[in-house]
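J.: Please see the structure below; I have some questions.
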Amino acid sequence: MSFIKLTDVVKKYTMGEVVITAVDGVSFEIEKGEFAVVVGASGAGKTTVLNLLGGMDKFEDGSITVDGADLSMYNEKMLTEYRRYDIGFVFQFYNLIQNLTAKENVELATQISKDPLNVDYVLKMVGLEDRRDNFPSQMSGGEQQRVAIARALAKNPKMLLCDEPTGALDYQTGKSILKLLQETSKSQGMTVVVITHNAALTQMADKVIKMKNGKVVDVKENFDPMPVERIEW
Amino acid sequence: MVMKRKAFFKNLFKSIINTRGRFFSLMAIIFLGVSFFAGINATEPDMILSADKYYKEQNLSDYRLISPLGFKYEDRKNIEEVSDVEKVQYGFYKDLFLSIPSGETSVAKILSYDPNDYKNGNGINIPYLMEGRMPTDHGEIALERSMYGFGSDNLSLGDEVALTLPEGEVIGEYLESAKYEIVGFISTPLYITFERGQTNIGDGSIDFIGYVLKNEFQMKDYNEAYIKIKNSENYIAYTPEYEDLVERPIETFEKLGVTAMARETQIYRDELEESRNLFLEEKSEAESKLVDAENQLQEAERKIIDGEEELKRTEERYKLEIEAGESQLDVAGLQLEAAKIKYFDGYLQWLEGYNEYQDGRMDLIEAKYRLDDGKIRIDDAQSDLDQARVQLEATKTTIDALKGIRDGLPAEDELPTQEEYEQMLIDIENTSPELAETLRPALESSNPENINTIRKSLDEGIAAMEEDYQEGVKQLEEGEKQLAESKIQYEEGMRQYELGMAELEIAKSKIDSSKAELVQGRLQLEQGEQDLAQGRKELEEAREKLNTSLNDGYADLEEARRKLEEGRIEFEIEKKSALDKIADAEIKIKDAERKLLELPKEWFVYTRNGNPGYSGYGNDAERIGAVAKVFPLFFFLVAALVCLTTMTRMVDEERVQIGTLKALGYGTLIITSKYLVYSILASVTGAAIGFLLGFQLFPRLIMTVYRGMYDIPYMLSPFHVDYALISLIIAVATTTVAALGASLSTLKSTPATLMQPKAPKPGKRIFMERIGFLWNRMNFIQKVTARNIFRYKRRFLMTVIGIAGCSALLLTGYGIRDSVNAISDLQFEEVFLYDGVVVKDVENTEGASLQDVLGDNPDIEGYSEIYLETISVYSEKGGREFETSLYVPSETNEFARFFDLHDRRTKEKFDLNTQGAIITEKLAGLLGVEPGDTIQYRDTDNVTYSFTIAAIAENYLGHNLFMSKEYFDAVTLKSPNYNGGIFNLKDSTAFNEESFKEEILEQEGVLAVSLTESFRNEFYDTMKSLDYVVLILILSAGALAFVVLYNLTNINITERIREIATIKVLGFRAREVSAYVYRENLILSFIGTIAGLGLGFVLHKFVMDTMEVDNMMFGKEIGALSFLYSIVLTMVFAVLVNVLMYYKLKNVNMVESLKSVE
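Top to bottom, those sequences are chains V and P.
Numbering of the first sequence is given in this note's numbering, commencing with residue 1 and proceeding in unit increments.
Numbering of the second sequence is given in this note's numbering, commencing with residue 10001 and proceeding in unit increments.
Structure representation (structure tokens):
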């Protein structure tokens, strides 16, 4: 059985009298250690899928199993625990705590983990050992995103979910972040799911899931992913 | 344009509805601030208006004139002619003792009531009827219910009260009757407080006011005049305008009073002079009469002494004569005694002679007997001798016969025949039977031998007989010789006897002659004795006669003396009564002189300020006004801060929208107006509700509290346009300025910047991180919290100020309660140690002694005699007078058992000494005096004294002045006339207050008894209304805390929603998320609380200082428990808000919050 398996997942939002079906029967699988990219235009429902996968939202129908556990059976509390121990999130806007230094932002995550990684080690891994005592406002966007990745990694999660991690970054910085993610996946055997609207990134993925209007239109496995450096967009 | 407007309003209402929490909390804080501000500010005018309504409804007089000598026709005319006077109403008053059925006696001021004055709602000082009706007939009284005890609680309509006067005054001179039935209970605007002024009877303070019909009064002239000033009804009491109007004629009245009193006093003085002269005349007359009487008495006494002396002399003389007679008799007696002795001597001699004679005679008789005896013996001897001769002759014959027989015997060898033998024996036997006898046996047998034996025996017998014969002859011869001798002796004895007989005969005759002499002497003696007895009897008779007459003399003398004594006693009594009469007259004249001196030089001219409690009420209202100036401002400050934060936040939140609108080309005005309208809507609604409620709530609440002290039946709380406007303007201004400021500053930026999310406030290191040892010790979460707290300084300030306000209010509320409770707790536990006081009528000379009243009561543990008086203390430096209780204990040492006089701070104990008086703290504060200062007091007789303050003692209730009796003496030059007893009760659970009081009041001369405990309870009940104040403060504080915390937490959450969403995504559990936010809140709340305690302390002091009334000192300290309550309650409010916010936190939608900015 796959590490992550979505079967006919449906998610609807009610906005007043309008019901929007954001995810409409999505099914796909991701294996352990894979670097998966979910790609699609704005409003394709990819973020919703990621949110559901990350236990941030509930869905109406279908099932999501992660490492053998069925998320549809989870209540609010169990979802919190799931987020706490199994998931590492990376956001487009980093979402660092402004009032905490880089190191403290990472510590914020390790505080609540069962088996966290060494904070300094993680910071070194993302190449920020020299900026550890800087506040977010004192760092560039790329550095901030590295802190966010370090924060996600330090929890020692089962998988890393990244929502447009390069969306707010310039080209080069974006590349370096993606490189970091890809290397992490390779070296740590970490399952990484990246959401992007940038189709170019599909080349670096082990698996590419294409979405459109809340549906999966294509799932493609890439047996020879390209290193990020060589991808141009 | 219309469309634009429509969109605008649509947008506005949508944002109101969407942010209804914010809108309502904004409204709420404005509401709170305004209701407090408007409500408390309205209290002062409402109090004044309520009182004014009462005064106007009852037509309270503007002036009250009192003339101690009554208003004469002339005076009345003068008063009525004063131009400002609209109306004058005259009446009587008299201060008396009033006893109620339960036995208590208190002092009452009885006023006159004339129904005619009050027809058709006319009249001045209309009594406010609470129950029953006004008196319409004789013997009826309408009584004002005393607010403080005196047993009035138990009085009901129909009860009878008795009026009495001190000794020396007759009730009939003042009132028609002494017993009155209660027909109604009233209040009067003249007396709105429990203080009813001073009087000069009882303990000096009036307890009751009562109305009886005017024609009950027997006095000649009215002594009271109520005056209504023209136009005074158009002004509100206590206002300067009213005061100015009323003050105008005061000098005129005073002048009239001086003139009238001078006139009346002169009449008095003339009368006094006249009676003084009369008295002096009568006095000298009485004195000379007394001297005469005394002289007479002395004359009588002298006579008695003379008579006594003469009697004594007579007695002496007669006694001497009797003594002479007595000594003569004694001499005669002695002589008689000597003769008697002589006679007895003679008699003894005679008796001796006679005895000798008798002895002699006896001797002679005895000698005769012996002689006669000798004669007989001689004769006997003669016959014996003759007989012996005969015998001897017989013997001679026998011998011869026997010799013949022997010779007739045969020879030896020849044997006699039997006949012969028998013959022979017969022969022997015939001659000597004895021999025969001896021989008989031998002769039995006829033995020849026997002849020899007989022979032999015969021979032997003859020999013996011959010997006897020879002997007999010899003896006979001897006897004959002796006889002859005896015969001679007898002859000699006979001769001597004859001689003795002759001598005896001579002696006998001698004795007989002396016997005759003795008999003669005896007769003479008896005669002498008889004579002596006769003499003695006569003497005794003479003595008796003397004694009788002497006794008679003495008795007469005694009688005279007794009569003299009677006369003297009578004289003494008469003298005393005469002197008493003189003294009485003298005292009366002195009294009259003193009264004349004491008579005021003028009328008592009182404006309303002279009414007890009138100005106090005004002052109290003013104090509330002072509190109103500060207290609610504080609320307003918090409200303004909250508004500012809220509006700023709102503008911040809608920054993108503002940017968009600006980009779309909307003008500054229209964009800004949204926030202005929003804030105006919130503040106007909040303010309107605030003052509408505040105008009702706070004035009514505070007036309810003051009802405990002031008897004002009305409670007005009208709408005050001024305060409504002021508070509305402040409220609207605060919020709109905040809204305007925030929106204008935001609008300065370009639309592009605005459409960017506002850069989050950068994080930075805080000061605490430099304190390594502290920072390193904190765990991660604590560090985060610390940094967050200092990151948002404005929020920090808001929270601290808001929470500080809350805890300050709480502490003030609890502090007020502590301070008020301290009055009763400290007053009754640390200052008043005594359990009760008994007041006696000192003028009642038959009254029971204090020992009877208190000493013998089994419930009483100890008591002490005391002098009590209500006096007015003032300072010559000026200022007001204060009604004060003066205590002078008879036993200075015992006093500490009943009063603990000590310094409030140092707890140093004070003893009453001879150097000065001890006054209570509040009084000292009001007069502004210190130990060593000299101040004055005026007693109930209007006499003033100066005294020095020795010490200032802790005291909360009323004003007290304590003096040792020595110092009282020194100050007043009189000794205290102890009129009361102060006592302690035994600790007993079985103590029954009712029966105890009854027992004490039963005693003669006891006016009243009051127990500290019941006084304390009454006071406690009065002060209970203050609990509402505390409650309202707690509620206000709670509301404040709630609104502030709700607002701030709300802002906190919205501002940090991304942060919260992030940590939620990170997997923080619900509890951890709230802890992450609340930790800061609670720490800020705690800091706020602590700051609030400091603030509350200051606020409490301010409130207490301003609210303090004249006759009470509030406690200065706040109890530790109050601090604790304030902290705990504040934290409870904080936690409560946080709990409410918990759901908001829980519902933070991670997905929504993390979405990239639209």
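Every residue gets a Cβ at the ideal spot worked out from N, C-alpha and C, and that includes glycine.
Predicted, not measured: the structure shown is a model, and the values here were computed from it.
1. Along the stretch 10770-10795 of chain P, where does the CB come closer than 8 Å to a CB of chain A? Name the residues.
2. Using a C-beta to C-beta distance shorter than 9 Å, which residues of chain V count as neighbours of Arg10020 (chain P)?
3. For Gly10869 (chain P), count neighbouring Cβ atoms within 10 angstroms of its own Cβ and tell me buried if that reaches 16, exposed if not.
4. Where in the stretch 10046-10071 of chain P do unbroken runs of the beta strand (DSSP E), each at least 3 residues long, occur, reported from the N-terminal end onward?
5. Listing by chain order, which chain P residues have their CB less than 7 Å from the CB of Asn51 (chain V)?
6. Please report how far the alpha carbon of Val10820 (chain P) lies from the alpha carbon of Leu10155 (chain P), in whole angstroms.
7. Taking its Cβ as the centre, do 16 or more other Cβ atoms sit within 10 Å of Pro227 (chain V), making it buried, or is it exposed?
8. Between Tyr85 (chain V) and chain P, is there a C-beta pair that is closer than 8 Å?
9. In chain order, what are the residue ranges of uninterrupted alpha helix (DSSP H) at least 4 long that sit wholly in the stretch 10789-10847 of chain P?
10. According to the neighbour-count rule (16 or more other Cβ atoms, all chains shown, within 10 Å of its Cβ), is Gln144 (chain V) buried or exposed?
11. Within the stretch 10877-10921 of chain P, note down every full beta strand (DSSP E) run reaching 3 residues or more, in order along the chain.
12. Alpha carbon to alpha carbon, how far is Val11132 (chain P) from Leu11040 (chain P)? Give it in angstroms, no decimals.
13. Just checking my contact of Ile10624 (chain P) with Met10047 (chain P) at CB under 8 Å: how many whole Å lie between their CB atoms?
14. Leaving aside the five residues before and after Phe10097 (chain P) along the sequence, list all residues of the same chain whose C-beta is less than 8 Å from its C-beta, in chain order.
15. Would Met10147 (chain P) be called buried (16 or more neighbouring beta carbons within 10 Å of its own) or exposed?
16. Could you check if Leu10550 (chain P) belongs to the surroundings of the ligand SAH, using beta carbon to heavy atom distance under 7 Å?
17. Should His11100 (chain P) go down as buried or exposed, given a rule of 16 or more other Cβ atoms within 10 Å for buried?
18. Classify Ala10453 (chain P): buried if its beta carbon has 16 or more other beta carbons within 10 angstroms, exposed otherwise.
19. Name, going along the chain, the residues of the stretch 108-125 of chain V whose beta-carbon falls closer than 8 Å to a beta-carbon of chain P.
20. For the alpha helix (DSSP H) that Lys114 (chain V) lies in, which residues bound it at each end?
21. Quick one: residues in its chain with C-beta nearer than 6 Å to the C-beta of Arg10406 (chain P), no 5 flanking neighbours on either side, listed in chain order?
22. If you run the structure through DSSP and keep just helix, strand and coil, what is Lys10783 (chain P)?
23. Evaluate the contact criterion for the stretch 10530-10546 of chain P versus the stretch 10341-10350 of chain P: three or more CB pairs, one atom per stretch, below 8 Å.
24. Below 8 Å CB to CB, which residues in the same chain sit around Asn10018 (chain P) once its five sequence neighbours on both sides are set aside?
25. With 9 Å as the limit, tell me which residues of the stretch 11051-11072 of chain P have their beta carbon closer than that to any beta carbon of chain V; keep them in chain order.
26. Out of curiosity, what's the CA-to-CA distance linking Asp10292 (chain P) and Glu10254 (chain P)?
27. Evaluate the contact criterion for the stretch 10680-10692 of chain P versus the stretch 10781-10797 of chain P: three or more CB pairs, one atom per stretch, below 8 Å.
28. How many whole angstroms separate the CB atoms of Ala238 (chain V) and Met139 (chain V), which I take to be in contact at a CB cut-off of 8 Å?
29. Can you tell me whether His10959 (chain P) is buried or exposed, with buried defined as 16 or more other CB within 10 angstroms of its CB?
30. On the criterion of 16 or more Cβ atoms from any shown chain inside 10 Å, does Phe10780 (chain P) qualify as buried, or is it exposed?
31. Since I believe Asn222 (chain V) is in contact with Ala238 (chain V) (beta carbons under 8 Å), could you give me their beta-carbon distance rounded to a whole number of angstroms?
32. For Asp224 (chain V), which of helix, strand or coil comes out of DSSP?
33. Reducing DSSP to helix, strand and coil, say where Ala11120 (chain P) ends up.
34. Quick check on DSSP: helix, strand or coil for Ala10237 (chain P)?
35. I need the straight-line Cα distance from Glu129 (chain V) to Ser11085 (chain P), nearest angstrom please.
36. Kindly indicate which residue of V:Ser2, V:Phe59, V:Glu81 has the alpha-carbon position closest to the one of Thr14 (chain V).
T.: On the basis of the supplied data:
1. Among the protein chains in the structure shown, which are V and P, there is no chain A.
2. Those do not exist, as Arg10020 (chain P) stays about 18 Å from chain V at its closest Cβ, beyond 9 Å.
3. Residue identity differs from the one stated: residue 10869 (chain P) is Glu in this sequence, not Gly. The residue is buried, with at least 16 neighbouring Cβ atoms inside 10 Å.
4. 10063-10071
5. Val11151
6. 30 Å
7. exposed
8. yes
9. 10793-10826
10. buried
11. 10882-10889, 10917-10920
12. 13 Å
13. 7 Å
14. Thr10105, Ser10106, Val10107, Ala10108, Leu10163, Thr10164, Leu10165, Pro10166, Ile10201, Gly10202, Asp10841, Leu11007
15. Because the pLDDT at Met10147 (chain P) is just 49, under 50, the model does not fix this residue reliably, and the point stays unresolved.
16. With respect to the ligand SAH, the structure offers nothing, as it holds no ligand at all.
17. buried
18. Sequence inspection shows Thr at residue 10453 (chain P); the Ala mentioned does not correspond to that position. Thr10453 (chain P) comes out exposed.
19. Leu108, Ala109, Gln111, Ile112
20. Unbroken run through Lys114 (chain V): none, as it is neither H nor E.
21. Leu10458
22. helix
23. no
24. none
25. Arg11058, Glu11059, Ala11061, Thr11062, Ile11063, Lys11064, Val11065, Leu11066, Gly11067, Phe11068, Arg11069, Ala11070, Glu11072
26. 56 Å
27. no
28. Look at the range of chain V in this structure, 1 to 233, and you will see that residue 238 (chain V) is not part of it.
29. buried
30. exposed
31. No statement about residue 238 (chain V) is possible, as the shown extent of chain V runs from 1 to 233 and does not include it.
32. coil
33. helix
34. coil
35. 38 Å
36. V:Phe59
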